[in-house]
Amino acid sequence: SPMSKLLREAIKKKKQFYMKRILEAGIYKESDPRLYQLTLSELE
Numbered sequence: 008s009p010m011s012k013l014l015r016e017a018i019k020k021k022k023q024f025y026m027k028r029i030l031e032a033g034i035y036k037e038s039d040p041r042l043y044q045l046t047l048s049e050l051e
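The numbers in the numbering used here rise by one with no breaks, and the one at position 12 of the sequence shown is 19.
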């Protein structure tokens, strides 16, 4: 459904936003695979 596609997009955008903040804060390096395994709730 279009709604779930929209939701997935929103989650993806939110994750990218938090990942950017984490990288800027120096908590994880961009090359760290753990960063990409985090869920949205873990990022928040």
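We treat Cβ as the ideally placed atom computed from N, Cα and C, and that holds for glycine. The model shown is predicted, which means the values in this text are computed figures rather than measured ones.
query, result
"For Lys22, which of helix, strand or coil comes out of DSSP?", "helix"
"Take Thr46 as the anchor and find which of Met10, Tyr25, Ala32 has the nearest alpha-carbon.", "Tyr25"
"Take Leu50 as the anchor and find which of Ser38, Lys36, Gly33, Lys21 has the nearest alpha-carbon.", "Lys21"
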